[in-house]
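What the sequence shown shows, in our numbering, is residues 114 to 910, in sequence order.
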Amino acid sequence: MVSSAKVVVIGGGIAGCSTLYHLTQEGITDAVLIERDELTSGTTWHSAAQVTNFGMNQTMVGLKSHSIALYKELSEDADYPINYHHADGGIRLANTQEQMEGYRHFASMAKGMGVEFEVIDAEECARRHPLLVTDGLLGGLWDPLDGDIDPAQLCQALARRARKAGAKVLRHRPVTGLTQRPDHSWIVHTEQGDIDAEIVVNAGGYRCNEIGAMMGVSLPVASMEHQYFLTEPIKAIEDAGHRMPLIRCPISDYYSRQEKNGLLIGFYEQGCKTWGMDGIDPNFSNSLSPDDPERVIETFEGAMARMPAIGEVGIHTIVNGPITYTIDGAPLVGPIPGKRNAFCITGLRAGLGEGGGHGWLLAQMIAHGEAVYDTWCIDPRRFTGHASVELTALKAIEDYQNEFRFHFPHEHRPAGRPMKTTPLTAVLEAEGGHFGTVNGWERLEYVKPAPDFEEDHSFRFTNAFDTIGDEVRAVQSGAGITEVSGFNRFEITGSGAHDFLDRMTCGRLQRNEGRVGLSYLLNHQGMIKAEATVANLSGGRIWYGSAAASEFHDMDWLTQHIEADEDVQIRSLTNDMTILVIAGPNSRDVLSGAARGDWSNEAFKWLALREAHVGHVPVVVMRVSFSGELAYEIHVPNSGLHAAYKALREAGEAHGLRLFGSRAVESMRLEMGFMHWKAELLTEFSPYETALAPFVKMEKDFTGKEALAKHEPKVKLVTLEVDCDHAPAHGGASVLHEGRVVGTVSSGDWGHRTGKNIAMAFVELGLESEGQELFVEVLGAAVKASVINPRVYEGSR
Ligand SMILES: Cc1cc2nc3c(=O)[nH]c(=O)nc-3n(C[C@H](O)[C@H](O)[C@H](O)COP(=O)(O)OP(=O)(O)OC[C@H]3O[C@@H](n4cnc5c(N)ncnc54)[C@H](O)[C@@H]3O)c2cc1C
Numbered sequence: 114m115v116s117s118a119k120v121v122v123i124g125g126g127i128a129g130c131s132t133l134y135h136l137t138q139e140g141i142t143d144a145v146l147i148e149r150d151e152l153t154s155g156t157t158w159h160s161a162a163q164v165t166n167f168g169m170n171q172t173m174v175g176l177k178s179h180s181i182a183l184y185k186e187l188s189e190d191a192d193y194p195i196n197y198h199h200a201d202g203g204i205r206l207a208n209t210q211e212q213m214e215g216y217r218h219f220a221s222m223a224k225g226m227g228v229e230f231e232v233i234d235a236e237e238c239a240r241r242h243p244l245l246v247t248d249g250l251l252g253g254l255w256d257p258l259d260g261d262i263d264p265a266q267l268c269q270a271l272a273r274r275a276r277k278a279g280a281k282v283l284r285h286r287p288v289t290g291l292t293q294r295p296d297h298s299w300i301v302h303t304e305q306g307d308i309d310a311e312i313v314v315n316a317g318g319y320r321c322n323e324i325g326a327m328m329g330v331s332l333p334v335a336s337m338e339h340q341y342f343l344t345e346p347i348k349a350i351e352d353a354g355h356r357m358p359l360i361r362c363p364i365s366d367y368y369s370r371q372e373k374n375g376l377l378i379g380f381y382e383q384g385c386k387t388w389g390m391d392g393i394d395p396n397f398s399n400s401l402s403p404d405d406p407e408r409v410i411e412t413f414e415g416a417m418a419r420m421p422a423i424g425e426v427g428i429h430t431i432v433n434g435p436i437t438y439t440i441d442g443a444p445l446v447g448p449i450p451g452k453r454n455a456f457c458i459t460g461l462r463a464g465l466g467e468g469g470g471h472g473w474l475l476a477q478m479i480a481h482g483e484a485v486y487d488t489w490c491i492d493p494r495r496f497t498g499h500a501s502v503e504l505t506a507l508k509a510i511e512d513y514q515n516e517f518r519f520h521f522p523h524e525h526r527p528a529g530r531p532m533k534t535t536p537l538t539a540v541l542e543a544e545g546g547h548f549g550t551v552n553g554w555e556r557l558e559y560v561k562p563a564p565d566f567e568e569d570h571s572f573r574f575t576n577a578f579d580t581i582g583d584e585v586r587a588v589q590s591g592a593g594i595t596e597v598s599g600f601n602r603f604e605i606t607g608s609g610a611h612d613f614l615d616r617m618t619c620g621r622l623q624r625n626e627g628r629v630g631l632s633y634l635l636n637h638q639g640m641i642k643a644e645a646t647v648a649n650l651s652g653g654r655i656w657y658g659s660a661a662a663s664e665f666h667d668m669d670w671l672t673q674h675i676e677a678d679e680d681v682q683i684r685s686l687t688n689d690m691t692i693l694v695i696a697g698p699n700s701r702d703v704l705s706g707a708a709r710g711d712w713s714n715e716a717f718k719w720l721a722l723r724e725a726h727v728g729h730v731p732v733v734v735m736r737v738s739f740s741g742e743l744a745y746e747i748h749v750p751n752s753g754l755h756a757a758y759k760a761l762r763e764a765g766e767a768h769g770l771r772l773f774g775s776r777a778v779e780s781m782r783l784e785m786g787f788m789h790w791k792a793e794l795l796t797e798f799s800p801y802e803t804a805l806a807p808f809v810k811m812e813k814d815f816t817g818k819e820a821l822a823k824h825e826p827k828v829k830l831v832t833l834e835v836d837c838d839h840a841p842a843h844g845g846a847s848v849l850h851e852g853r854v855v856g857t858v859s860s861g862d863w864g865h866r867t868g869k870n871i872a873m874a875f876v877e878l879g880l881e882s883e884g885q886e887l888f889v890e891v892l893g894a895a896v897k898a899s900v901i902n903p904r905v906y907e908g909s910r
């Protein structure tokens with residue numbers, strides 16, 4: 114009988130088994146996995162179990178590389194070998210130049226993680242996969258390590274190793290309830306008795322929300338029905354003399370891999386179906402949904418057109434099972450928002466390939482508080498209050514219908530939109546606004562040059578280039594106004610508030626009323642956790658402002674560090690207020706026309722804050738600038754947002770005030786060397802590596818200080834001028850020196866005031882000096898670049 118464990122993992126699919134195994138690897142052997150049935154009786158047993166290295170960012174590529182290395186090692190374990198078709202190779206097809214350029218970028222990004230992809234033409238695709246015909250095909254991305262694994266054997270192998278290391282696996286034991294004690298530990302109720310646990314992990318697959326409900330949370334996870342067919346043997350495969358590479362087709366929405374001497378063909382049909390939205394039969398275990406071949410006929414025809422040999426053989430098996438999705442397609446791996454000692458690893462839609470890596474990163478988070486990579490792209494806190502299961506289902510359908518069609522830069526797909534709006538969204542839309550989304554918030558990107566304007570989706574500079582440039586120039590020479598929707602804002606009060614924040618931030622904390630300061634929060638490893646604008650209002654109120662997506666993340670981090678005897682209260686005002694920014698040399702005149710008072714430089718200096726009225730609306734004005742121009746952030750309660758906007762627009766008429774959007778802001782912030790959270794500000798790098806040494810004060814005590822004192826910087830953030838004008842260097846692109854990868858781009862865009870193609874990148878130490886010549890891969894081609902002063906534009910703030 115097991116009555117207690119440090120960690121209880123609920124669910125024995127790939128997610129749970131991988132987590133359990135990796136916990137033991139990270140030193141936590143007092144761990145128990147509880148499974149309601151047999152291991153792999155959820156989705157895992159019937160998975161097509163393809164294992165690719167392809168990912169949309171370096172964290173995903175890195176964790177998939179871990180899976181591949183681990184699975185290879187397991188398959189070669191003499192005591193318990195498992196079936197793994199390692200390195201059959203795989204091709205992601207393309208029929209447009211834009212897709213090919215995307216693949217070139219992804220290949221460059223993967224190179225930085227030590228992974229070599231190859232972009233090949235149509236003839237080479239057909240040479241490597243003899244079943245393919247090349248009609249309408251341009252080429253594809255070759256992943257040499259692509260393969261597939263036996264899912265049941267994989268989970269048994271992981272569980273076996275975990276058991277050997279001291280962990281336990283309890284089968285046929287449904288978890289029926291979870292009770293959290295005041296000390297944040299848990300009682301895990303099962304049909305066969307309770308188990309005390311310090312930490313619980315929800316690895317419940319399509320049942321994750323049954324487990325979520327036991328702890329009072331709803332996870333943004335929804336399931337889709339997903340089918341594949343198994344064909345009879347195909348002669349050309351028998352004759353080929355080698356295994357068939359895997360195919361993933363964004364043109365006709367299917368994948369295929371070799372199964373015995375036939376093919377397994379899976380479908381992402383347009384007429385797809387959610388699954389389990391109205392509850393899941395408790396007896397659905399080791400089960401499938403009824404075959405539904407009609408639904409995928411059109412998609413199947415697409416596969417037959419590309420591989421005519423399929424049409425010559427029969428189908429002997431159909432598999433139709435539930436597969437989980439989240440709002441953005443990436444899983445939820447990490448701390449459950451608003452809960453202590455509770456983690457999840459769920460929403461995996463490619464869990465067999467990725468599960469090894471996700472369990473690895475999750476075990477590190479549980480054991481050490483942080484993983485080797487920045488895990489924001491899989492962090493359950495990246496969605497906030499809007500993230501219902503209903504919304505997830507809408508996004509899941511959209512994602513499923515576009516399974517292999519990657520997002521282009523600035524592509525924001527329509528399902529579920531608008532999710533979060535301000536009272537101004539419709540007003541700005543009526544003015545011609547084009548919107549993207551930031552954490553669900555509709556955010557103005559630019560004003561369309563014509564009502565029917567459609568932006569091209571491309572990795573190059575797009576047809577919105579001149580429009581964005583015009584907005585930048587309008588701000589630079591006159592005045593612009595924009596809305597920053599969803600900016601995160603906490604009000605922190607209590608007699609201990611400043612001391613608490615002082616401890617949480619690594620630099621000098623601005624404590625003076627009427628003043629604003631920029632602060633950085635480090636994790637216990639001394640790496641960058643968060644960035645906050647700390648603003649001191651009257652009555653001892655402190656406003657903590659941070660990126661729109663950071664609300665749940667920063668709230669958890671702050672609240673978890675309040676001491677029991679500390680007088681500190683935190684409440685979120687994120688959904689109650691919006692920022693209007695006015696920027697440009699005429700912005701002071703605009704403000705003076707809309708708000709009474711002396712707004713001269715002497716009366717209202719850089720980093721000053723004042724409570725005032727714009728028109729009749731009470732606002733807080735801060736003299737800060739992300740553009741480098743003279744600028745004011747006006748924080749407005751949403752109830753008065755429209756009125757304040759009208760007052761500013763009216764005051765701005767005499768000063769040429771013009772609407773601008775976030776794409777203009779992006780261009781201007783790069784010219785100023787300002788950083789973005791989760792682009793440059795990552796848990797992988799310290800403030801020293803991120804050129805933030807002036808924001809560190811080692812004379813005081815702060816969270817992460819001890820680790821930072823021992824930290825040896827390995828890289829340095831630099832600004833690069835890239836010698837081309839057809840495309841930006843996108844985040845993830847490799848930086849080269851003497852033919853070797855020496856760094857990675859974090860952000861890149863055109864500087865419209867300076868006429869420079871600018872990128873920020875982390876590069877190896879020794880290569881950070883101004884004038885250093887390097888190469889940056891732009892659309893996969895090496896382009897000359899040189900390190901320049903990060904203040905590319907002087908500004909007049
Ligand atoms: C047809 C199909 C093809 C696929 N092909 C691929 C592919 O080629 N490559 C790939 O990478 N992925 C593929 N996937 C996806 C992949 O199979 C899943 O991402 C993965 O299996 C999910 O694993 P999991 O551990 O999260 O969930 P599951 O396998 O569902 O495991 C969850 C476990 O939790 C248990 N559980 C639930 N509630 C409780 C409770 N209250 N108490 C105790 N235990 C509980 C369940 O019994 C279950 O065993 C495919 C999926 C489908 C449907």
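Every residue gets a Cβ at the ideal spot worked out from N, C-alpha and C, and that includes glycine.
For H570, no beta strand (DSSP E) segment is defined, and its DSSP state is neither H nor E. Between F815 and R616, the CB-CB gap stays under 8 Å. Taken through DSSP and simplified to helix, strand or coil, N601 comes out as strand. Taking K533 as the centre and dropping the five residues before and after it, the same chain places the C-beta of H499, G553 and W554 closer than 6 Å to its C-beta, in chain order. With a threshold of 16 other beta carbon atoms within 10 Å, A455 meets it and is buried. In chain order, G125, E148, D150, E151 and L152 place their CB closer than 8 Å to the CB of R284, counting only its own chain and leaving out the 5 sequence neighbours on each side. The three-state secondary structure of L254, taken from DSSP, is strand. With a cut-off of 7 Å, the C-beta of H339 is classified as near ligand 1, since at least one heavy atom of the ligand falls inside that distance. Straight across, the Cα-Cα distance linking V900 with F230 is about 28 Å.
For the region 508-593, the continuous beta strand (DSSP E) assignments of 3+ residues that do not extend past its boundaries occur at 546-551 and 554-560, in sequence order.
When secondary structure is reduced to three states using DSSP, A895 falls in the strand class. In the three-state DSSP reduction, F496 falls in the coil class, being neither helix nor strand. Burial is judged here by how many other beta carbons sit within 10 angstroms of a residue's own beta carbon; K642 has at least 16 and is buried. DSSP places S659 inside the beta strand (DSSP E), whose first and last residues are I655 to S659. Distances from the CB of Q266 to the heavy atoms of ligand 1 are all 7 Å or more. V115 and A662 have their alpha carbons spaced roughly 40 Å apart. Close CB contacts of R276 within its chain, under the 7 Å cut and outside five residues either way in sequence, are with V282 (chain order). The C-beta distance from E483 to T796 rounds to 6 Å, short enough to meet the 8 Å contact threshold. In the three-state reduction of the DSSP assignment, P750 falls in the strand class.
In the structure shown, Q477 falls within a helical segment according to DSSP collapsed to helix, strand and coil.
Inter-residue distance for H242 and S859 is about 36 Å (C-alpha atoms, whole angstroms). Taking the C-beta atoms as reference points, A707 is found no nearer than 8 Å to L783. By DSSP's assignment, F888 forms a beta bridge with L849 and K897.
The three-state reading of DSSP puts A645 in strand, counting E and B together. In terms of CA proximity to V694, V732 leads the group D667, H839, V732 and A716. Per DSSP, F808 lies in no beta strand (DSSP E) segment and is marked neither H nor E. A distance criterion of 7 Å places the beta-carbon of P363 beyond contact range of ligand 1, judged by its closest non-hydrogen atom.
As a beta-bridge residue in DSSP terms, V121 pairs with V145 and V313.
M390 is classed as exposed because its beta carbon has fewer than 16 other beta carbons within 10 Å across all chains shown. For R361, the uninterrupted beta strand (DSSP E) run begins and ends at L359 to C362, by DSSP. Exclusion of the five residues before and after A610 leaves I655 and V681 as the residues of its chain whose Cβ lies within less than 6 Å of its Cβ. M337 carries a strand assignment under DSSP once its states are collapsed to helix, strand and coil.
In this structure, the CA atom of D192 is about 29 Å from the CA atom of L377. Contact between the region 503-514 and the region 385-401 is present: three or more C-beta pairs spanning the two stretches fall below 8 Å. Judged by DSSP secondary structure, E231 falls within the beta strand (DSSP E) whose first and last residues are E231 to D234.
Collapsing the DSSP output to three states places S160 in coil.
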